[in-house]
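Undergrad: One structure, as structure tokens, below. Some questions next.
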Amino acid sequence: MAETSIEWTDATWNPVAGCTVLTAGCTNCYAMRMAARLEAMGVPKYRGLTRRSGERHVWTGAVSLDDAALETPKAWRKPRLIFVNSMSDLFQEAVPVEFIRRVWDTMSATPQHTYQILTKRPDRMARVAPDLQLLSNVWLGTSVENAAVLDRLDHLRATPAAVRFVSFEPLIGSVAGGDLRDIHWSIVGGESGPRARPMLEEWVDEIHEMAEDAGAKFFFKQWGGRNKKATGRAYRGRHWDDLPTATA
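Quick note on my numbering: the sequence shown kicks off at -5 and runs consecutively.
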């Protein structure tokens, strides 16, 4: 587990590492770059998770299941918001259901923390979650980068959770027509890094209106770009840092 600069959480916890490129939102995934860097530094957990493709590194599809990491949150006494698997996707097919259950066991044993699980595979999450314990300290979310993947919101809505949330990051296209009904929290952020694709303000406006209509909390993370600090976090002249309240 590590402290993080991600604005909507306090720390990251990675019992799984490694993934696959799925849709357009994955193209410039920061975790691929980070995994390659960690492998170059000799960290065994990240060996073989990426390969060189042109001028960048991409996932190989291999995953690393870290049994030792399952115990880490138990040593953290101070309550934290914890982003689960910032270096992977817990609900990708390569992660066995039995290992997902072990992650759930750890979260159940540490009710002082609040866990945020974000997936690009909410269809599998919707299939698996009903057989897992409904925990008030576990928030389940999906990523939506453009209109091509708006169906992920329907899968998320079908998933039992104390909090359901959506991360519109990297927002690389309009999501007009999206529906945030029965979704408690929306995060919006532009892509950052050397190959960042632009985010238009009108796309953010669409989501803000959707959130207001559905009664979903709204969190604006960043405008992004090559230098995200320069573009900042202000939207409509202020910072938007709203958090949801668990319903279970």
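For glycine and all other residues, C-beta sits at the position ideal for the given N, C-alpha and C.
Considering only their Cβ atoms, is the gap separating Lys211 from His233 smaller than 8 Å?
TA: To locate residue 233, count along the sequence shown from 1; it is residue 239. To locate residue 211, count along the sequence shown from 1; it is residue 217. It is not a contact, given that the beta carbons lie outside the stated cut-off.
Undergrad: Using the beta-carbon count (16 or more within 10 Å), is Arg220 buried or exposed?
TA: Counting from 1 along the sequence shown, the entry for residue 220 is found at position 226. Exposed, since its Cβ has fewer than 16 Cβ neighbours within 10 Å.
Undergrad: Using a Cβ distance threshold of 8 Å, determine whether the stretch 98 to 114 contacts the stretch 62 to 69, with at least three qualifying pairs required.
TA: Contact holds: three or more Cβ-Cβ distances are below 8 Å.
Undergrad: If you measure between the beta carbons of Ser168 and Leu174, is that distance less than 8 Å?
TA: Here residue 168 refers to the residue found at position 174 when the sequence shown is read from its first residue. Here residue 174 refers to the residue found at position 180 when the sequence shown is read from its first residue. Taking 8 Å as the Cβ cut-off, Ser168 and Leu174 do not qualify as a contacting pair.
Undergrad: With distances taken from CA atoms, which of Arg227, Leu194 and Trp70 is nearest Lys215?
TA: Within the sequence shown, the letter at position 221 stands for residue 215. Closest by alpha carbon: Arg227.
Undergrad: Could you check the C-alpha separation between Arg27 and Ser137 for me, to the nearest Å?
TA: As a position in the sequence shown, residue 27 is number 33, starting the count at 1. As a position in the sequence shown, residue 137 is number 143, starting the count at 1. Cα to Cα, the separation comes out at about 19 Å.
Undergrad: Using 8 Å as the cut-off, can you tell me whether the stretch 7 to 23 makes contact with the stretch 84 to 95, which would need three or more C-beta pairs spanning the two stretches below that distance?
TA: Enough Cβ pairs lie closer than 8 Å, so yes.
Undergrad: Taking the C-alpha atoms as reference points, what is the distance between Trp70 and Met193?
TA: Looking up residue 70 in the sequence shown gives position 76. Looking up residue 193 in the sequence shown gives position 199. Their backbone Cα atoms lie some 37 Å apart in a straight line.
Undergrad: Near Val57, which residues of its chain fall below 8 Å by C-beta distance, leaving aside the five closest residues on each side in sequence?
TA: Taking the first residue of the sequence shown as 1, we reach residue 57 at position 63. Correct list, in chain order: Val10, Ala11, Gly12, Cys13, Leu43, Ser82, Gln86, Ala88 and Val89.
Undergrad: Once you ignore the five residues that flank Pro188 on each side, which residues in its own chain have a CB closer than 8 Å to its CB?
TA: The sequence position of residue 188 within the sequence shown is 194, counting from 1. Closer than 8 Å at Cβ, skipping near neighbours: Arg220.
Undergrad: Where does the unbroken alpha helix (DSSP H) through Ile94 begin, and where does it stop?
TA: Taking the sequence shown and counting its residues from 1, one reaches residue 94 at position 100. Segment Val91 to Ala103, the alpha helix (DSSP H) holding Ile94.
Undergrad: So, with DSSP's three-state summary, where would you put His51?
TA: If you number the sequence shown from 1, residue 51 lands on position 57. Note: His51 maps to strand in three-state DSSP.
Undergrad: If you drop the 5 nearest sequence neighbours on each side, which residues of the same chain put their C-beta closer than 8 Å to that of His107?
TA: Here residue 107 refers to the residue found at position 113 of the sequence shown. These residues qualify, in order along the chain: Pro67, Trp70, Pro73, Arg74, Leu75, Ile76, Met101 and Asn131.
Undergrad: Would you kindly check if the distance between the Cβ of Leu128 and the Cβ of Ala152 is under 8 Å?
TA: Position 158 of the sequence shown, counted from the first residue, corresponds to residue 152. Position 134 of the sequence shown, counted from the first residue, corresponds to residue 128. The answer is no: Cβ separation not under 8 Å.
Undergrad: Mind checking which residues open and close the alpha helix (DSSP H) that includes Arg146?
TA: Residue numbering aside, residue 146 sits at position 152 when the sequence shown is read from its first letter. First-last of the alpha helix (DSSP H) with Arg146: Asp145 to Arg151.
Undergrad: Trp172 and Leu147 look like a contact to me (Cβ under 8 Å); what is the Cβ gap, rounded to whole Å?
TA: As a first step, residue 172 is located in the sequence shown; it is residue number 178 there, counting from the start. As a first step, residue 147 is located in the sequence shown; it is residue number 153 there, counting from the start. What sits at residue 172 in the sequence shown is Gly, not Trp. Between Leu147 and Gly172 the Cβ distance is about 6 Å, and since that is below 8 Å, they are a contact.
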